[in-house]
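In the working numbering, the protein residues as written are 93 to 367. We put the CB at the ideal spot given by N, CA and C, even for glycine. Being a predicted model, the structure only gives us computed values, none of them experimental.
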Ligand SMILES: NC(=O)c1ccc[n+]([C@@H]2O[C@H](COP(=O)([O-])OP(=O)(O)OC[C@H]3O[C@@H](n4cnc5c(N)ncnc54)[C@H](OP(=O)(O)O)[C@@H]3O)[C@@H](O)[C@H]2O)c1
């Protein structure tokens, strides 16, 4: 029977103190907030970016200001050949990896009647195939080295809610949720926790354009939460998912979008409904 301290992320009091994490896509947006929150919780962080080195350096400075180590690596995660350098860079810098945050992702707008196979491949390769096989690489490392680690996926309300002008995105995220569940099952016996976060409408470069729609819907009472999400909201949910007494589950950070609600407030204006 394992002792309390052997239980790692399956323990009652999970601590991130002196852990080491890889966060994909952490130069901007949600990944950036997760990297900084992990450092605040006591983790060293590998910061991954694709194009924006200056932004990655700002995150590095923020992590180091919190007293933790930070290392930057450029890697396009859709290139599976780049994955070994992600793991090797973290191991060289920190000596181990306890945490993988599968966060990097992209979106593209295309009507489902016009979306091309090339657009579809880009989304599925970046958002689904890449994190699935990065999780496999890191999981094999953890199993081989008996590390009772944790893998968290940044998922989306689009796992379950369809958008007919972002269908490849929705399909990639729906598939990614199943990747998360399958690894959770395979890795539980090794003491490795795997969970996901279903992020809602979060104010980042990726979806800032949707914020006015969200605010209008909230104003009309169709969404309970009074504000759109921030990257920090998702970072807090990510930490909660790491400490959660569960594995293979999706924690919402959806801002009320998934709350079943039929608020027909305009009906109050109908005189016939008053009697
Ligand atoms: N924002 C939302 O409302 C929302 C909702 C649900 C789920 N999500 C998910 O949350 C994750 C992060 O989204 P975000 O809103 O934070 O996006 P974002 O603000 O556009 O930031 C994307 C981050 O990922 C990196 N990245 C993009 N493509 C990459 C690639 N091929 N290889 C490596 N890194 C790459 C970017 O690096 P560079 O700076 O170098 O470009 C950047 O650090 C995504 O998986 C997204 O699907 C977002």
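Query: 8 Å Cβ cutoff met for residue 339 and residue 265; Result: no
Query: Opening and closing residue of the beta strand (DSSP E) in which residue 115 lies; Result: 111 to 115
Query: Three-state class that DSSP yields for residue 152 in the structure shown; Result: helix
Query: Range of the contiguous alpha helix (DSSP H) that encloses residue 184; Result: 175 to 186
Query: Residue from 190, 258 and 210 whose Cα sits closest to the Cα of residue 227; Result: 190
Query: For residue 337, the three-state DSSP class (helix, strand or coil); Result: coil
Query: Inter-residue Cα distance where the pair is residue 163 and residue 152; Result: 7 Å
Query: Contacting residues, own chain, Cβ-Cβ under 8 Å from residue 203 (five flanking each side not counted); Result: 256 and 257
Query: Outcome for residue 361 when other beta-carbon atoms lying within 10 angstroms are tallied against a minimum of 16; Result: exposed
Query: Distance, residue 207 Cα to residue 127 Cα; Result: 34 Å
Query: Bridge partner(s) assigned by DSSP for residue 285; Result: 242
Query: Contact belief for residue 254 with residue 243 at Cβ below 8 Å, rounded distance in angstroms; Result: Incorrect: roughly 26 Å between the Cβ atoms, too far for contact.
Query: Nearest to residue 322 (by Cα), restricted to the options 313, 332 and 345; Result: 345
Query: Any non-hydrogen atom of ligand 1 closer than 7 Å to residue 170 Cβ; Result: yes
Query: Which of helix, strand or coil DSSP assigns to residue 250; Result: helix
Query: CB-CB length for residue 334 against residue 137, believed under 8 Å; Result: Rounded, the Cβ-Cβ distance is 14 Å, inconsistent with contact.
Query: Residue nearest to residue 324 in terms of C-alpha spacing, selected from 364, 337, 99 and 130; Result: 130
Query: Same chain, Cβ closer than 7 Å to residue 332, neighbours up to 5 away in sequence not counted; Result: 343
Query: Buried or exposed by the 16-neighbour rule on C-beta atoms within 10 Å, applied to residue 93; Result: For residue 93, the predicted model reports a pLDDT of 47, less than 50, meaning its position is unreliable and no value from the coordinates is stated.
Query: Neighbour-count burial assignment, residue 95, 16 or more Cβ in a 10 Å radius; Result: For residue 95, the predicted structure reports a pLDDT of 48, less than 50, and the residue's modelled location is therefore unreliable. A value from the coordinates is still provided. It is exposed - the Cβ of residue 95 has fewer than 16 other Cβ atoms within 10 Å.
Query: Check whether residue 142 and residue 168 have beta carbons under 8 Å apart; Result: yes
Query: heavy atom of ligand 1 below 7 Å from residue 119 C-beta; Result: yes
Query: Whether residue 100 touches residue 241 by CB criterion (8 Å); Result: yes
Query: Inter-residue Cα distance where the pair is residue 308 and residue 292; Result: 15 Å
Query: Residue 322 beta carbon near ligand 1 (any heavy atom closer than 7 Å); Result: no
Query: Beta-carbon proximity check, residue 196 vs residue 116, cutoff 8 Å; Result: yes
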